[in-house]
Amino acid sequence: MKDGASSRRRDRRDSRWDEHRRARREQLVDATVAAVGRYGAGVGMEEIAAEAGTSKTVVYRHFTDRSELYVAVCNRVAAQLTERLRAATTTSDSPRGMVAAAVETYLAFLEADPELYRFVVAHPFLDRPVDADPVRTLSDLVGDQAAALVAAALEQAGRDPASAAPWGHGLVGLVRAAADWWLRAERPMPRADLAAHLTELAWTGLHGLVPAPTAPSPEEKK
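Residue numbering for the sequence shown follows our numbering, beginning at 7 and increasing consecutively.
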């Protein structure tokens, strides 16, 4: 009985420690995001630790190294962006409207915190190989969402959805390349104009695969 009670107490202590560690890691990710916003994409670990109100030694108790912290930030950004994209694409029933909403949401996300975006895509803390490139993983997640939209539109139009994957991922590459240029060039045009240009360019190609539904002929109406 004593052994069982001791085991349960250890399990509760372990559970509380695991929860504390998860919460502390989230706080350190919050501090990293805040430090990037304050100091820019070139932020250092000293600034991050100061933003968290602690020391680098304490940060490294919760993250093995800078690479692990960087991956955690990327995972946070990926979760936020994909959630917003999913919500945006439910605001329209038309394929073009979905594309427009997704492009606008992606650009708005970047414009709201361009330094965080630069931090993510520049790999500043990636000192060693990791299991998966966080930026490629993010692009793949967004590309998969775009491909799902294209596939659904193709199926509604009675077309083979096999082309949805390359079109979806290609669309992400198009928008990302243009967005990178836009940020590097210090946003030479309003976001709404860039979103309209990219939507027009993307839809010109997609329209060939996803034609607009045709009105039924008089004979079909009978």
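From the three backbone atoms N, C-alpha and C, an ideal C-beta is built for every residue, glycine too.
DSSP state of residue i mapped onto helix, strand, coil
i, result
"Asp-24", "helix"
"Thr-97", "coil"
"Asp-199", "helix"
"Ala-208", "helix"
"Asp-119", "coil"
"Pro-167", "helix"
"Glu-53", "helix"
"Gly-174", "helix"
"Val-136", "coil"
"Val-61", "Per the sequence shown, residue 61 should be read as Ser rather than Val. The answer is coil: DSSP assigns Ser-61 none of H, G, I, E or B."
"Met-7", "Residue placement at Met-7 is poorly supported in this model, since its pLDDT is 49, which falls under 50; the coordinates still yield a value, given next. In this structure, Met-7 counts as coil in the three-state DSSP scheme."
"Glu-192", "coil"
"Asp-71", "coil"
"Ala-37", "helix"
"Gly-103", "helix"
"Ala-240", "It is not possible to answer for residue 240, since the shown part of the chain is limited to 7 through 228."
The alpha helix (DSSP H) enclosing residue i, as first and last residue numbers
i, result
"Val-141", "140–162"
"His-129", "First-last for His-129: undefined, no H or E at that position."
Residue closest to residue i, alpha-carbon to alpha-carbon, out of the options
i, options, result
"Val-42", "Val-126, Met-104 and Tyr-112", "Val-126"
"Ala-152", "Arg-72, Asp-24, Thr-88 and Arg-82", "Thr-88"
"Ala-58", "Cys-80, Glu-32, Gly-46 and Asn-81", "Glu-32"
"Arg-67", "Arg-92, Thr-96, Arg-90 and Arg-28", "Arg-28"
"Pro-101", "Leu-160, Leu-91 and Arg-142", "Leu-160"
"Glu-110", "Ala-94, Ala-158 and Pro-120", "Ala-94"
"Ala-114", "Ala-170, Asn-81, Pro-172 and Gln-86", "Gln-86"
"Thr-210", "Ala-183, Met-195, Arg-190 and Trp-173", "Trp-173"
"Leu-75", "Val-156, Pro-140, Ala-158 and Asp-146", "Pro-140"
"Gly-149", "Ala-158, Ala-163 and Ala-170", "Ala-170"
"Gly-176", "Val-49, Asp-146 and Pro-167", "Asp-146"
"Arg-182", "Tyr-45, Glu-117 and Glu-53", "Glu-117"
"Thr-38", "Ala-168, Arg-82 and Asp-199", "Arg-82"
"Leu-91", "Pro-194, Ala-107 and Asp-99", "Ala-107"
"Arg-131", "Gly-50, Glu-25 and Glu-206", "It should be pointed out that residue 131 corresponds to Phe in this sequence rather than to Arg. Measuring from the Cα of Phe-131, the nearest candidate turns out to be Gly-50."
8 Å Cβ cutoff met for residue i and residue j
i, j, result
"Val-105", "Ala-208", "yes"
"Leu-122", "Phe-69", "no"
"Val-136", "Ser-61", "no"
"Thr-143", "Ala-84", "yes"
"Ala-55", "Val-65", "yes"
"Ala-47", "Ala-157", "no"
"Leu-204", "Leu-189", "no"
"Asp-71", "Asp-119", "no"
Proximity test, residue i beta-carbon vs the ligand PLP heavy atom, cut-off 7 Å
i, result
"Arg-27", "Ligands in the displayed structure: none, and consequently the ligand PLP is not present."
Minimum Cβ-Cβ distance from residue i to chain D less than 8 Å
i, result
"Glu-161", "Considering every chain present, this structure includes no chain D. It has just one protein chain."
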